[in-house]
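Let me begin by presenting the structure, written as structure tokens, before commenting on it.
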Amino acid sequence: MSQGNVSAIVNSLLSLESDDTPMHIGMLFRFALPQGSGRHFVAELAAAFRQQNNLSAPWHWRLKGRSGLKPQWQECQQVDLEHHFRQLGLPAPGGERELGVLVSRLHSQLLDPSRPPWECYVIEGLEEGRFALYFKVHRALVDVAGGAEVLYAFLATKASDQRISAPWCCAIDSDLSPQTGQIWPRPLAAAGNLGRAVSRLVGAGLRRQSELAVPYKAPRTALNGPVNRQRRFATQHYASNRLKAVAETLGEADTTVILLYLCGSALRRFLKEYNALPDEPLIAAVPQSRVHLADFSLAFVALGSDEADPLTRFRAVQRSYAAAIKHLEAVAPELRMAYSLAASAPFIAGQISGAQPWMPAMFNLSFVNLPGPGSERYLGGAKLESLHNLSLLMPGSALAISCVPCSKGVNIGLSGARDTLPHLQRIAVYMGQALDSLESQLQNSSKEAS
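Structure (structure tokens):
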């Protein structure tokens, strides 16, 4: 039974998909075993998952004709749950390195296009009595299901709630009709609004001192090297009070600016080690949609990697981010997706034609800020301790950094092309050290001022 065409933005995403750049994302959940639980808790949880074979929409949908001009969602009458859900184990006590290696391998594997595009793994054997759940799903399915929040829907909000709900059986508050909304509403008004936005972008590209970062002006670096299907994954966690304290001291209300500064600082150090730091600042593509791809818009932010002084670098990021948001806000909300698609058109055309490696780099890396669960969450009484996103990689961009807020901080996930960025963990470590260094500098400045 056909469910209808996919949206225009999803169609664009599918046009970028290949064996080397699959368009799936991943979520890595870490749980602490409930107090007093037996050693068979994880096995019992997995057994409870296997019994839940009455799938809710859209988890029994697959993409039909995904490589054609009009891909559609199609309902599968039978879904082999043994394929989609599996139980794995690490040699106890499994550390972060062993878990990272396993998840990197799982994330590198392609989803079967003949089946609903998702897989789920329960992983036991982690140190300190913990277990993990890794959920891999095509970005298009997340969109039609209602956005990233749907990936938390199976979790309870109270520890006393002992129910075990499988992710694929949770009822979703959505009509689930594929989003085929208009891309160019009110043609005359749209043309004028989009024309002004493009004019501002072109003007910024011509002005060397403009605060507005523009696509296709990013310096080519190792971050723009070849991307194949093999992935590396690394994580960081920052407490909310640390980020808020730094932001308050610097007069910045949005901690996203702090996180972008950490990215730029870490990459500056990383590239300098290889004598490969460009004279121009690195450019991050920062999606602004937090729910559906239909609300998608794309900001471009200069990361200040060309500035040696940390505070000067931070102010550069701050100004660039503010300019990017102001630029997008000048575009009518209903036109922002169309505007972002127009800006991405040369990038998409380059991928389809095979010319992308010879084109100017649209950006150096992507930075995604996802909504978190918003409160403590539990699975069968097991407390969710951390949650990290594994982002998809775009052609010609070997690094994606994602942030997921939780009740006590922000979880950072770094996804990289293994063969282009084999030392991804260094970037993660350097981000943490950049935060330490910035805190120390601000404390010293405060002491000198007093």
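Residue numbers (the numbering used here): 30 to 479.
For each residue, glycine too, the CB sits at the ideal point set by N, CA and C.
Just so we're clear, the structure is a prediction, and the values are computed from it rather than from any experiment.
Exercise. In or out: Pro402 buried (at least 16 other Cβ within 10 Å) or exposed?
Worked result: buried
For this session: Give a yes or no on whether the C-beta atoms belonging to Ile54 and Val166 are separated by under 8 Å.
Result: yes
Exercise. Alpha carbon to alpha carbon, what distance is there between Arg91 and Ser420?
Worked result: 21 Å
For this session: Please classify Trp499: is it buried, with 16 or more other beta-carbons within 10 angstroms of its beta-carbon, or exposed?
Result: For residue 499 there is no data in the structure shown, the boundaries of the chain being 30 and 479.
Problem set entry | N-terminal and C-terminal residue of the beta strand (DSSP E) that Ser431 is part of | Leu428 to Pro434
Problem set entry | Inter-residue CB distance, Asn440 and Ser466 (contact presumed, cutoff 8 Å) | No, Asn440 and Ser466 are not in contact; Cβ-Cβ is about 21 Å, not under 8 Å.
Exercise. Using the rule of at least 16 other Cβ atoms within 10 Å of the residue's Cβ for burial, across every protein chain shown, is Leu42 buried or exposed?
Worked result: buried
Problem set entry | For Trp387, the three-state DSSP class (helix, strand or coil) | helix
For this session: Enumerate in chain order the residues of its own chain whose CB-to-CB distance from Tyr350 is below 6 Å, with the five nearest sequence positions on each side excluded.
Result: Val286 and Val330
Problem set entry | Nearest-angstrom Cα separation, counted from Arg365 out to Pro207 | The pLDDT assigned to Pro207 is 44, lower than 50, so where the model puts this residue is not dependable, and the model offers no usable value.
For this session: Specify, as a first and last residue, the run of the alpha helix (DSSP H) that Ile193 falls within.
Result: No alpha helix (DSSP H) holds Ile193; DSSP gives it neither H nor E.
Exercise. Contact between the stretch 457 to 477 and the stretch 261 to 271: three or more CB pairs below 8 Å?
Worked result: yes
For this session: Return the chain-ordered list of same chain residues with a C-beta closer than 6 Å to the C-beta of Pro122, the five sequence neighbours on each side being excluded.
Result: Glu156
For this session: For Lys301, name the three-state secondary structure that DSSP assigns.
Result: helix
Problem set entry | Runs of alpha helix (DSSP H) wholly within the stretch 316 to 373 (minimum 4 residues, chain order) | 339 to 358
Problem set entry | beta strand (DSSP E) segments (min. 3 residues) lying fully within the stretch 394 to 431 | 394 to 398 and 411 to 419
Problem set entry | Terminal residues of the beta strand (DSSP E) in which Thr264 lies | Arg260 to Ala268
Exercise. Which runs of the alpha helix (DSSP H) fall wholly inside the stretch 33 to 70 and span at least 4 residues, in chain order?
Worked result: 37 to 44
Problem set entry | Cα-Cα separation, Leu117 to Ala72 | 10 Å
Exercise. Helix, strand or coil: how does DSSP classify Leu223 here?
Worked result: Residue placement at Leu223 cannot be trusted, given a pLDDT of 45 that sits under 50; what the coordinates show is reported in the next sentence. Leu223 falls in the helix class under three-state DSSP.
Problem set entry | Proximity of Leu18 and Leu311 at Cβ, strictly below 8 Å | The structure shown does not extend to residue 18, since the chain spans only 30 to 479, so no value can be given for it.
Problem set entry | Per DSSP, the bridge partner or partners of His167 | His53
For this session: With DSSP as the reference, please indicate the residues paired to Arg115 in a beta bridge.
Result: Tyr150
For this session: On the DSSP bridge assignment, give the partners of Arg159 in chain order.
Result: Ala61 and Leu155
Problem set entry | Per-residue DSSP class, three states only, for Pro375 | helix
Problem set entry | At least three beta-carbon pairs within less than 8 Å, the stretch 277 to 295 to the stretch 359 to 373 | no
Problem set entry | Segment contact flag, the stretch 268 to 277 with the stretch 368 to 382, C-beta cutoff 8 Å, min 3 pairs | no
Exercise. Cβ of Val151 within 8 Å of Cβ of Leu74?
Worked result: yes
Problem set entry | Touch test, the stretch 435 to 449 against the stretch 238 to 250, Cβ-Cβ under 8 Å, three pairs minimum | no
Exercise. When the distance is taken between beta carbons, is Gly425 closer than 8 Å to Gln191?
Worked result: no
For this session: In the DSSP assignment, find the unbroken alpha helix (DSSP H) run with Lys476 in it and report its ends.
Result: Leu453 to Ala478
For this session: Measuring alpha carbon to alpha carbon, tell me which of Ala169, Pro142, Leu289 and Arg455 ends up nearest Glu302.
Result: Arg455
Exercise. Once you ignore the five residues that flank Leu110 on each side, which residues in its own chain have a CB closer than 6 Å to its CB?
Worked result: Asn82
For this session: Would you kindly work out how many angstroms separate the C-alpha atoms of Pro146 and Ser137, rounded to a whole number?
Result: 14 Å
Problem set entry | Of the listed residues Asn473, His417, Phe396 and Phe58, nearest to Glu153 (C-alpha basis) | Phe58
Exercise. Can you pull the DSSP bridge partners for Gly123?
Worked result: Leu155
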